[in-house]
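Quick note, the sequence shown lines up with residues 1 to 222 if you use the UniProt record's numbering.
Ideal Cβ positions, reconstructed from N, Cα and C, are used throughout, including at glycine.
Following: one structure in structure tokens, then a few remarks.
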Amino acid sequence: MAAFIRPSPIVNTMKTTLIVLLVLCFLSFRYASSYARNDADMQQLLHALEKLLNFFQKDYRHLNLDGFFGLRVLEGQLQLLISEHSVGGHQHLSSHTLNQITALKEAAQNLSAIGLSEVKKGNPEYYKNMAPVIAQPWMVRKPHRRLDPSLRWEIPLYKAQLQFVRRNFTEKVSDQCMTEIFNSDSERCDISKYCVRLMTSRGLTGYPITHQLLWSVLVEDR
Numbered sequence: 001m002a003a004f005i006r007p008s009p010i011v012n013t014m015k016t017t018l019i020v021l022l023v024l025c026f027l028s029f030r031y032a033s034s035y036a037r038n039d040a041d042m043q044q045l046l047h048a049l050e051k052l053l054n055f056f057q058k059d060y061r062h063l064n065l066d067g068f069f070g071l072r073v074l075e076g077q078l079q080l081l082i083s084e085h086s087v088g089g090h091q092h093l094s095s096h097t098l099n100q101i102t103a104l105k106e107a108a109q110n111l112s113a114i115g116l117s118e119v120k121k122g123n124p125e126y127y128k129n130m131a132p133v134i135a136q137p138w139m140v141r142k143p144h145r146r147l148d149p150s151l152r153w154e155i156p157l158y159k160a161q162l163q164f165v166r167r168n169f170t171e172k173v174s175d176q177c178m179t180e181i182f183n184s185d186s187e188r189c190d191i192s193k194y195c196v197r198l199m200t201s202r203g204l205t206g207y208p209i210t211h212q213l214l215w216s217v218l219v220e221d222r
């Protein structure tokens, strides 16, 4: 997604941090409570999330919309964990750990509220177009699935796609493909063949593949 401010080294660093945050949320956090071998594992994970939130809090004015999506994912996954605990799940969590999780969720929620006002002021039209991505917390309830190694993309495919990415995968094009999803529903599909082809292309890495994943999540949710 395009930033609502001029890109800077801080924003580039935050994009890297966002990837770490999403990995923690999607691949670790919700199920870490089930798979963590001891309380020390959980404390390390909570400490990492706390450090990320502290980083965001110090520089929230530099956050782009990608960063806020990461915050919304974190907020939603923490809320989901708390909700599952309230109905009998994750009962091995201590009250101290649960209090830490609740505090992190509230911190993410407050930071999102403060930062989103900056986004609205900085680029209200862009916020309006992308509001479905960041207006609400994201709760991902899907379980883990084991990857099939035979489907792994090999290095020659990555190299062959470099020029394709440089020519075709820009922030503007990515945003347009996201907007097409928001303008579609269960009765009408306004998604172009070009966006389908671009967003399902094999062998992409870095920024493009994160937006392919987000595009896929949004399509599934419609």
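Q.
Between the alpha carbons of W215 and M178, how many angstroms are there, rounded?
A. Taking the first residue of the sequence shown as 1, we reach residue 215 at position 215. Taking the first residue of the sequence shown as 1, we reach residue 178 at position 178. Approximately 6 Å, taken between the alpha carbons.
(Q) Give me the residue from I114, D41, L151 with the minimum Cα distance to D59. (A) Start at 1 with the first residue of the sequence shown, and residue 59 comes out as number 59. The shortest Cα separation from D59 among I114, D41, L151 belongs to I114.
(Q) Beta-carbon within less than 7 Å of P143's beta-carbon, same chain only, minus the 5 sequence neighbours each way: which residues are those? (A) For the purposes of this step, residue 143 is taken as residue 143 along the sequence shown, with counting starting at 1. Cβ neighbours of P143 beyond the five flanking positions: none.
Q: Since I believe N183 is in contact with D190 (beta carbons under 8 Å), could you give me their beta-carbon distance rounded to a whole number of angstroms?
A: Walking along the sequence shown from the start, residue 190 turns up at place 190. Walking along the sequence shown from the start, residue 183 turns up at place 183. Beta-carbon to beta-carbon, D190 and N183 are separated by about 5 Å, close enough to satisfy the 8 Å threshold.
Q: List the whole-angstrom C-beta distance separating P208 from F169, where the pair is believed to meet the contact cut-off of C-beta under 8 Å.
A: Along the sequence shown, one-based indexing puts residue 208 at 208. Along the sequence shown, one-based indexing puts residue 169 at 169. Going by Cβ atoms, the distance from P208 to F169 rounds to 4 Å, so yes, they are a contact pair.
(Q) Which runs of the beta strand (DSSP E) at least 3 residues long sit entirely within the region 66–121? Give them in chain order. (A) You should have found no qualifying run.
Q. Which runs of the alpha helix (DSSP H), 4 residues or longer, sit entirely within the region 125–187?
A. If one requires a minimum length of 4 residues, the alpha helix (DSSP H) runs lying completely within the region 125–187 are 155–168, 171–182, in chain order.
Q. For the alpha helix (DSSP H) that contains I209, what are its first and last residues?
A. Here the question's residue 209 lines up with position 209 in the sequence shown. Its alpha helix (DSSP H) spans residues 206–221.
Q: Kindly indicate which three-state DSSP category D39 falls into: helix, strand or coil?
A: Along the sequence shown, one-based indexing puts residue 39 at 39. If DSSP states are grouped into helix, strand and coil, D39 belongs with the helices.
Q) Whose CA, out of F55, L63, C195, K193, lies closest to the CA of E118? A) If you number the sequence shown from 1, residue 118 lands on position 118. Residue L63 is the option with its Cα nearest to E118.
Q) In the structure shown, what three-state DSSP assignment does L46 receive? A) Position 46 of the sequence shown holds residue 46. Looking at L46 - three-state DSSP - the assignment turns out to be helix.
(Q) Considering only their Cβ atoms, is the gap separating G76 from M139 smaller than 8 Å? (A) For the purposes of this step, residue 139 is taken as residue 139 along the sequence shown, with counting starting at 1. For the purposes of this step, residue 76 is taken as residue 76 along the sequence shown, with counting starting at 1. In contact: M139 and G76 (Cβ atoms closer than 8 Å).
(Q) Taking only three categories from DSSP, how would you classify L52? (A) One-based indexing of the sequence shown puts residue 52 at position 52. L52: helix per DSSP, three-state reduction.
Q) What's the C-alpha gap between Q161 and I155? A) To locate residue 161, count along the sequence shown from 1; it is residue 161. To locate residue 155, count along the sequence shown from 1; it is residue 155. Rounded to whole angstroms, Q161 to I155 spans 10 Å at the Cα level.
Q: Measure from the alpha carbon of L104 to the alpha carbon of each residue in S150, R202, L74, M130, then state which is nearest.
A: On the sequence shown, residue 104 is found 104 positions in, with the first residue counted as 1. Comparing alpha-carbon positions, the option among S150, R202, L74, M130 lying closest to L104 turns out to be L74.
**Q.** Beta-carbon contacts of Q212 that lie in its chain and below 8 Å, excluding the five residues immediately before and after
**A.** Here the question's residue 212 lines up with position 212 in the sequence shown. Beyond the five residues adjoining it in sequence on each side, Q212 comes within less than 8 Å, by CB distance, of M199, T200, S201, L204 in the same chain, given in chain order.
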